[in-house]
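A.B. asks:
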Amino acid sequence: MAARPKPGPVLRSTDGSVTPLHVGAWRAEADEVERSLIDELPAPLLDVGCGPGRIVAAAAAQGRPALGIDTAPSARDETVRRGAAVLTRSVFDPLPGEGRWRSVVLLDGNIGIGGSPNALLARVRELLHRCGVVLVEVAPPGAGSVAATVRVERHARAGVQHGPWFPWARVDADDIEATLARAGFESITFCRGGRWFARGELS
57 MAARPKPGPV LRSTDGSVTP LHVGAWRAEA DEVERSLIDE LPAPLLDVGC
107 GPGRIVAAAA AQGRPALGID TAPSARDETV RRGAAVLTRS VFDPLPGEGR
157 WRSVVLLDGN IGIGGSPNAL LARVRELLHR CGVVLVEVAP PGAGSVAATV
207 RVERHARAGV QHGPWFPWAR VDADDIEATL ARAGFESITF CRGGRWFARG
257 ELS
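Going letter by letter, the sequence shown gives residues 57 to 259 in the numbering used here.
Spelled out as structure tokens, the structure:
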């Protein structure tokens with residue numbers, strides 16, 4: 057009998073909820089939906105929480121100036137292997153080009169970085185040019201918006217490996233426009249390829 061595949065990594069919350077992490081898609085090349093979204097954004101582009109760099113690499117392939125930032129050294133290494141520009145840095149650290157970025161991208165649930173979407177979007181506003189745009193991927197309508205403490209859990213030979221706990225948040229499509237408005241953005245919410253997004257412009 058063939059061995060059963062090990063479960064994939066999950067994001068576990070202190071409230072007991074578990075969210076599967078789709079690592080295969082996260083580490084793949086940018087898909088058609090993502091490439092179309094990038095094509096609609098003004099450059100230069102800053103990808104916050106860029107992970108393995110698929111968005112930054114896709115932007116570079118289109119000839120668009122782009123930079124990824126992520127706190128994980130492994131993310132830096134993978135992004136560099138894709139031939140894209142990256143810094144190992146938090147969005148709350150000093151960054152090059154503050155006030156001059158024309159687009160900031162928060163895909164893969166990265167509106168949750170730091171556990172406070174309001175604080176994150178206030179920081180994004182500081183980074184953007186006065187005519188800048190933020191693109192946010194959100195949870196589907198009805199999923200609910202929450203702030204939580206979470207950790208990544210992975211299955212390994214020795215059992216489940218637990219990462220450190222950290223603050224995170226989720227914003228759904230019902231709440232994102234109000235969240236963006238509090239940070240001074242006028243926005244629209246839309247669905248593309250079965251995923252939900254909001255595009256905000258500074259008002």
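Think of the CB as a built atom: it goes at the ideal place given N, C-alpha and C, for glycine as much as any other residue.
From a predicted model like this one, the values you see are computed outputs, not experimental measurements.
Which residues does DSSP list as the beta-bridge partners of histidine 218?
C.D. replies: Beta-bridge pairing links histidine 218 to Glu209.
A.B. asks: Which partner residues does arginine 255 have in the DSSP bridge list?
C.D. replies: Answer is Leu191 and Ile244, bridged to arginine 255.
A.B. asks: Compare the beta carbon distance of leucine 191 and arginine 120 with 8 angstroms and say whether it is the shorter of the two.
C.D. replies: Not closer than 8 angstroms, so no.
A.B. asks: What did DSSP end up calling aspartate 231 once you bin it into helix, strand or coil?
C.D. replies: In the structure shown, aspartate 231 sits in coil (DSSP, three-state: anything other than H, G, I, E or B).
A.B. asks: If you count every other CB in all the chains shown that lies within 10 Å of the CB of glycine 249, and 16 or more means buried, which is it?
C.D. replies: That one is exposed.
A.B. asks: On the premise that isoleucine 125 lies in contact with valine 142, defined as a C-beta separation below 8 angstroms, what is that separation, rounded to the nearest angstrom?
C.D. replies: Correct: roughly 7 angstroms between the Cβ atoms.
A.B. asks: Should alanine 84 be labelled buried (16 or more other beta-carbon atoms within 10 Å of its own) or exposed?
C.D. replies: Alanine 84 should be labelled exposed.
A.B. asks: Could you spell out the range, first to last residue, of the alpha helix (DSSP H) harbouring aspartate 133?
C.D. replies: Start and end: 129–137.
A.B. asks: Less than 8 angstroms separating the beta-carbons of proline 100 and arginine 186?
C.D. replies: Not closer than 8 angstroms, so no.
A.B. asks: Given that a residue counts as buried once 16 or more other Cβ atoms are within 10 Å of its Cβ, and exposed if not, what is tryptophan 252?
C.D. replies: Its Cβ being crowded by 16 or more others within 10 Å, tryptophan 252 is buried.
A.B. asks: Taking the beta strand (DSSP E) that valine 161 falls in, what are its first and last residues?
C.D. replies: From DSSP, the beta strand (DSSP E) with valine 161 extends over 157–162.
A.B. asks: Does the count of Cβ pairs from the segment 134–150 and the segment 196–216 closer than 8 angstroms reach three?
C.D. replies: Verdict: no, contact absent.
A.B. asks: Have a look at glycine 153 and proline 98 and give me their C-alpha separation to the nearest angstrom.
C.D. replies: Using only the alpha carbons, I get a separation of about 15 angstroms.
A.B. asks: If we require 4 or more residues per run, which alpha helix (DSSP H) segments fall completely within the segment 77–108?
C.D. replies: Those alpha helix (DSSP H) runs which fall completely within the segment 77–108 and span 4+ residues are 79–83 and 88–95.
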